[in-house]
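Visitor:
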Amino acid sequence: MAYPGILTRGEFATGLITRGIKINGNYLLVDSCNINQSQQIDTSEKFLQGGPGSSVSDIGAKKITGDISFPIRVDDNGDLETPVIDLLNHAQSPISALTMDTNHVLVHRDLTAEDGGTDNNQLLKLNTLIISSLTIDCSKDSNLQCKVNFEGMIDEEEASDYSVPDSTKVIGRALSWGDCDMSREESSMRTVTSFSVTVTNTVEAHSFLIPYQTPASGIASTRSDQIQLLGFSAVKWTGTVSELVRSGADLNTFIHGGWMVDENLIINMGPITATFPIPLFNIATLPLTSSILTRTTNWTSLIRPRRPLTTGGLFTFA
3 MAYPGILTRG EFATGLITRG IKINGNYLLV DSCNINQSQQ IDTSEKFLQG
53 GPGSSVSDIG AKKITGDISF PIRVDDNGDL ETPVIDLLNH AQSPISALTM
103 DTNHVLVHRD LTAEDGGTDN NQLLKLNTLI ISSLTIDCSK DSNLQCKVNF
153 EGMIDEEEAS DYSVPDSTKV IGRALSWGDC DMSREESSMR TVTSFSVTVT
203 NTVEAHSFLI PYQTPASGIA STRSDQIQLL GFSAVKWTGT VSELVRSGAD
253 LNTFIHGGWM VDENLIINMG PITATFPIPL FNIATLPLTS SILTRTTNWT
303 SLIRPRRPLT TGGLFTFA
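To convert, count from 1 in the sequence shown and add 2; that's our numbering.
(1) Check the DSSP bridge columns for Y29 and list the partner residues they point to.
(2) By Cβ distance below 6 Å, which residues in the same chain neighbour S244 in space, the five residues on each side in sequence not counted?
(3) Per DSSP, what are the beta-bridge partners of A286 in this structure?
(4) Flag this pair as yes or no: are the beta carbons of A161 and L131 separated by less than 8 Å?
(5) Can you grab the Cα-Cα spacing for the pair G241 / G174, in whole Å?
(6) Quick one, which of K65, R21, H106, K24 has its alpha-carbon nearest V205's?
(7) Comparing alpha-carbon positions, which option in D117, H92, T84, L128 lies nearest T104?
(8) Based on the DSSP output, what are the partners of K149 in its beta bridges?
(9) Are the beta-carbon atoms belonging to R248 and T193 less than 8 Å from one another?
(10) Can you tell me whether I43 is buried or exposed, with buried defined as 16 or more other CB within 10 angstroms of its CB?
(11) Sort L177, L113, A286, E158 by Cα distance to I138 and report the nearest one.
(12) If we ignore side chains and look at the alpha-carbon of each, how far apart do V76 and E83 end up?
(13) For I156, which option in R111, S198, A286 has the closest C-alpha, if you only look at C-alpha atoms?
(14) Pull up the DSSP beta-bridge partners for I61, would you.
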């Protein structure tokens with residue numbers, strides 16, 4: 003039977019569906035998902051054809067950009083969710099593309115200039131994504147949170163697999179400050195109040211001008227405004243930590259900056275371990291206030307020249 007008013011056109015969903023995505027085919031419940039197709043579209047304001055008014059369009063390459071955020075969770079066995087492992091492994095060694103299925107990203111894969119602005123939008127699988135940055139942070143007042151930024155393209159016109167949970171075990175326990183620990187060669191770092199770990203990949207998204215093949219030539223049209231090639235030119239691992247300054251608690255081991263070989267700065271986050279074997283520390287900052295004194299230190303990880311990325315990366319899993 004037809005329901006009155008807006009209910010006739012309603013399509014109802016639970017929060018597990020509207021906030022759910024799939025990473026490499028595995029369900030992940032997120033706090034936010036801001037992944038969308040983007041394209042630089044402008045007009046030329048030169049004196050062309052019709053006078054000083056805008057008369058020529060300038061439509062650039064299309065690509066996928068955006069971010070997701072979620073708490074890092076474990077199941078009742080203490081195991082990490084599979085998509086979280088996939089995201090961390092890809093971030094530290096972005097040599098293979100990720101896929102993402104969503105319930106809400108409507109995109110248009112074909113050439114924008116040859117189809118109307120509202121024609122033929124589809125719910126497609128985002129099948130070629132690269133993580134441009136991933137940040138994990140935690141403090142005594144928050145859970146272990148992860149934010150991931152993506153860049154990518156649609157390589158194949160494949161329908162998105164609706165992100166419906168495959169089992170009832172979709173909500174695990176979020177890791178908290180009590181699941182974390184931090185240490186280095188010279189200090190047990192017992193006065194840490196917050197930390198953050200960031201992986202930054204410099205993504206190169208190239209686009210090419212492709213000759214247009216007319217139907218009369220007998221060759222199918224190859225013109226496209228999709229990004230044609232994705233790569234990365236640099237990988238950087240950084241972090242920051244805040245510590246209380248207390249007399250008698252690691253008073254002589256606060257970091258004053260510099261290159262520290264075999265310092266092995268280690269951050270344990272439940273079953274996740276982040277290891278910085280050779281951190282390059284910035285000089286710490288210590289603002290003078292009337293409240294508790296907190297020193298903040300930033301660092302960048304150096305990799306031994308003879309150690310390839312394929313031998314292991316920043317993250318390991320228990």
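Using N, Cα and C, we set each Cβ at its ideal position, and we do this for glycine too.
Guide: With the structure as the only source:
(1) In the sequence shown, residue 29 corresponds to position 27, counting from 1. Y29 pairs with K24.
(2) Along the sequence shown, one-based indexing puts residue 244 at 242. Within the same chain, S244 has close Cβ partners T195, S196, T296, T298.
(3) Within the sequence shown, residue 286 is the residue found at index 284, counting from 1. None, per the DSSP bridge assignment.
(4) Taking the sequence shown and counting its residues from 1, one reaches residue 161 at position 159. Taking the sequence shown and counting its residues from 1, one reaches residue 131 at position 129. Taking 8 Å as the Cβ cut-off, A161 and L131 do not qualify as a contacting pair.
(5) Residue 241 sits at position 239 when you count from the first residue of the sequence shown. Residue 174 sits at position 172 when you count from the first residue of the sequence shown. One C-alpha to the other measures close to 27 Å.
(6) Residue 205 sits at position 203 when you count from the first residue of the sequence shown. Closest option to V205, Cα to Cα, is K65.
(7) Your numbering for residue 104 matches position 102 in the sequence shown. Considering only alpha carbons, the answer is L128.
(8) Counted from its first residue, the sequence shown places residue 149 at position 147. Its beta-bridge partners are S71, T137.
(9) Position 246 of the sequence shown, counting from 1, holds the residue named residue 248. Position 191 of the sequence shown, counting from 1, holds the residue named residue 193. Cβ atoms of R248 and T193: closer than 8 Å.
(10) Residue mapping note: residue 43 aligns to position 41 of the sequence shown, counting from 1. Burial call: exposed.
(11) Taking the sequence shown and counting its residues from 1, one reaches residue 138 at position 136. Checking every option, the nearest Cα to that of I138 belongs to L177.
(12) On the sequence shown, position 74 is the one that residue 76 refers to. On the sequence shown, position 81 is the one that residue 83 refers to. So the alpha carbons of these two residues sit roughly 6 Å apart.
(13) Residue 156 sits at position 154 when you count from the first residue of the sequence shown. For the residues R111, S198, A286, the minimum Cα distance to I156 belongs to R111.
(14) As a first step, residue 61 must be located in the sequence shown, where it is residue number 59. Answer by DSSP bridge pairing, in chain order: I43.
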